[in-house]
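**Student:** Protein sequence lines, in the order shown, are assigned to chains W and Y.
Residue numbers for the first sequence follow this note's numbering, beginning at 1 and rising by one.
Residue numbers for the second sequence follow this note's numbering, beginning at 1 and rising by one.
Have a look at this one before I ask anything.
There are 2 protein chains.
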Amino acid sequence: MNDPLTAFPGYSLRRAAHASSSELATRLGTIGLRQSDASVLMLIGANPSATASALGRHLAIQRANMVPLLKRLEDAGLIERAPIDGKSQGLALTQLGQDRLDEARQVIESFEAELILRIPADHRDHLLPALEAIWR
Amino acid sequence: MNDPLTAFPGYSLRRAAHASSSELATRLGTIGLRQSDASVLMLIGANPSATASALGRHLAIQRANMVPLLKRLEDAGLIERAPIDGKSQGLALTQLGQDRLDEARQVIESFEAELILRIPADHRDHLLPALEAIWR
DNA sequence: TATTGTTATACTCTATAACTATA
DNA sequence: TATAGTTATAGAGTATAACAATA
């Protein structure tokens, strides 16, 4: 089939992200996490007592959409909240959350390693800086 | 904020695709098209009398999800269907569809040109081959 | 006044299963 | 038997508006 789309980096970006994302989602699913769950756990792990709003801003997830996400993690016993002041609450991993994060990190790191290996060596080191120029 | 995610190409791939995708969606919205609409129009334009199933396979859109998409394009008077045999139907652009495709192409091409310019020159030519290695 | 957390809601995208009719 | 088109449906991601309480 004649394909005028694949010449566009933007189109390939979408297709590559979708393919890679589906694969990672499947793997994280085996430990009961979504990609957004894993992102939030990693960010809380690296920033104990961060607030929901701050995490959302950093991850480009809106405040309103953080609510069910955090509720899910809390209901699963992975995170807990502690009041900072009357308005904000700091988030932290429980021990179970820390353990789950360790599992997630293993899944993600082996996934990322395989992803990088798929890229021909002469293009490999250019990918991350090129992508960051697009969204950062 | 301490961020362990941005070191991962897979994460940056998602963020870059989302950022780029939102921007293009906004621009295509001004001419009344979604990204999937524009993709399908471009593919029909380059492959007259292609079937819905074949387009879907090529674009990674499932048969079932092609139905409302094509109905929308047909209702808007952009495409028409012609029976190939008792089972399949070939898709073609109407004159209105051809005109809309020309508009979409302008939007996409200027978008893609800007996207490429955002990437530092020494990384620029590596992006497309790296992305294609991921999903093709 | 701006921000935090929240509720409610809606739209889009994606996925699966099942059905009919035809190749 | 496999394929094309279709229906119905569900899950997930994303977006906006609005509200109360607090900084």
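Note that CB positions come from ideal geometry on N, CA and C, so glycine has one too.
Quick caveat: nothing in here was measured; it's all calculated off a predicted structure.
Hey, quick one: how far does the alpha helix (DSSP H) through Y/Gly45 stretch, first residue to last?
**Tutor:** 35 to 46
**Student:** Any chance the stretch 90 to 99 of chain W sits against the stretch 36 to 45 of chain W, with 3 or more Cβ pairs inside 8 Å?
**Tutor:** Touching, yes.
**Student:** Using only the alpha-carbon positions, how far apart do Y/Arg15 and Y/Pro83 sit?
**Tutor:** 42 Å
**Student:** Considering only residues of the same chain and omitting the five flanking positions on each side of Y/Ser36, which have a CB-CB separation below 8 Å?
**Tutor:** Leu59, Ile61, Leu69
**Student:** Taking a Cβ distance cut-off of 9 Å, strictly less, list which residues of the stretch 3 to 18 of chain Y are near chain W, in chain order.
**Tutor:** Asp3, Pro4, Leu5, Thr6, Ala7, Phe8, Pro9, Gly10, Tyr11, Ser12, Leu13, Arg14, Arg15, Ala16, Ala17, His18
**Student:** Based on the DSSP secondary-structure assignment, which residues constitute the bridge partners of Y/Ile79?
**Tutor:** Y/Leu93
**Student:** By the three-class DSSP mapping on this structure, what secondary structure does Y/Ala104 have?
**Tutor:** helix
**Student:** By alpha-carbon positions, which one of Y/Glu23, Y/Val40, Y/Leu128 ends up nearest to Y/Lys71?
**Tutor:** Cα-wise, what sits closest to Y/Lys71 is Y/Val40.
**Student:** How far does the alpha helix (DSSP H) with Y/Ser20 in it extend, from its first residue to its last?
**Tutor:** 9 to 29
**Student:** Using the rule of at least 16 other Cβ atoms within 10 Å of the residue's Cβ for burial, across every protein chain shown, is Y/Leu117 buried or exposed?
**Tutor:** exposed
**Student:** Give the residues of chain W in contact with Y/Leu24, contact being defined as C-beta atoms less than 8 Å apart.
**Tutor:** Gly10
**Student:** Against chain Y, which members of the stretch 100 to 126 of chain W pass a CB distance test of less than 9 Å?
**Tutor:** Arg105, Ile108, Glu109, Phe111, Glu112, Leu115, Ile116, Arg118, Ile119, Pro120, Asp122, His123, Arg124, Asp125, His126
**Student:** Note down the Cα distance separating Y/Leu78 from W/Ile108, rounded to an integer number of angstroms.
**Tutor:** Approximately 43 Å between the Cα atoms of the pair.
**Student:** Counting along the chain, where does the alpha helix (DSSP H) carrying W/Ala121 start and finish?
**Tutor:** 121 to 135
**Student:** I'd like to know whether the C-beta atoms of Y/Ala130 and W/Leu13 end up nearer to each other than 8 Å.
**Tutor:** Not a contact, by the Cβ cut-off of 8 Å.
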